[in-house]
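Numbers 1 to 178, taken from full-length UniProt numbering, label the letters of the sequence shown in order.
For glycine and all other residues, C-beta sits at the position ideal for the given N, C-alpha and C.
Presented below is the structure to which this report refers.
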Amino acid sequence: MSTLPLVTEADATPEQATALAAVKQALGSVPNLSRAMANSPALLHGYLGLAGSLDGGTLPRSTRERLAIAIAQSNTCSYCLSAHTYTGQRLAGLSAEQAAAARKGDADDPKVAAILAFAVAVNEQRGRIDESELAAVRHAGVSDAEIAEVLGHVALNVLTNYFNNVAGTEIDFPRVLA
């Protein structure tokens, strides 16, 4: 059950309407996450800004989607797990097996597996990782720029996971339960 209303174009304030229009222009549709976030246009614009910046980073979309799946599973966010399983398979070319492995923080590529293990450790330990975890991800060939980007993606996904868990956002993707 939603604890925050989903803002529609019909009941949006001018500021909310502008934020929703930006989402529709970027994605072609407006998912329920964006409609719930539109209760605070500042939050929705901030989310879109960070997501847009990270989309232009060095991590491939398939890695970003796997990371989002791993963090959604770690935070038991069924909305984000559903959304990223769908977009990972439809837009990033992940197989069902790759999406399932990502839920466990694993991947068929050693570098991606190291990124996912690191991201899940950062999330579950609230950023308090030890040197061995940092050494392991570097040993797998992950650069400092990529490590920084992974941290940005963890933060972005924690935002959406926590938001959806609190808001009770209705899932508008094929349902995958965390």
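With a cutoff of 7 Å on beta-carbon distance, ALA101 and GLU65 are scored as not near each other. Straight through space, the alpha carbons of ALA22 and LEU44 are spaced by roughly 10 Å. Contact annotation: LEU156 and LEU50 have beta-carbon atoms nearer than 7 Å. With a threshold of 16 other beta carbon atoms within 10 Å, VAL142 meets it and is buried. With contacts defined as CB atoms closer than 7 Å, SER53 and VAL120 fail to qualify as a contacting pair. Cβ contact annotation for ALA68 (same chain, cutoff 6 Å, sequence separation greater than five): HIS84, ASN157, in chain order. When the alpha-carbon of TYR162 is set against those of GLY88, MET37, VAL7, GLY105, the nearest one is in MET37. Around the C-beta of THR87, 16 or more other C-beta atoms lie within 10 Å, and the residue is accordingly described as buried. Close CB contacts of ALA167 within its chain, under the 6 Å cut and outside five residues either way in sequence, are with THR3, LEU4, ALA36 (chain order). With respect to the C-alpha of GLU133, the residue from PHE118, ALA26, PRO31 having the closest C-alpha is PHE118. Here CYS77 carries a coil assignment [DSSP, helix/strand/coil]. GLY52: member of the alpha helix (DSSP H) spanning 41-55, first to last residue.
Between SER62 and LEU94, the CB-CB gap stays under 7 Å. Per DSSP, GLN125 lies in no alpha helix (DSSP H) segment and is marked neither H nor E.
Secondary structure at SER62: helix, using DSSP grouped into helix, strand and coil.
Here the alpha carbon of ARG103 sits roughly 23 Å from the alpha carbon of TYR47.
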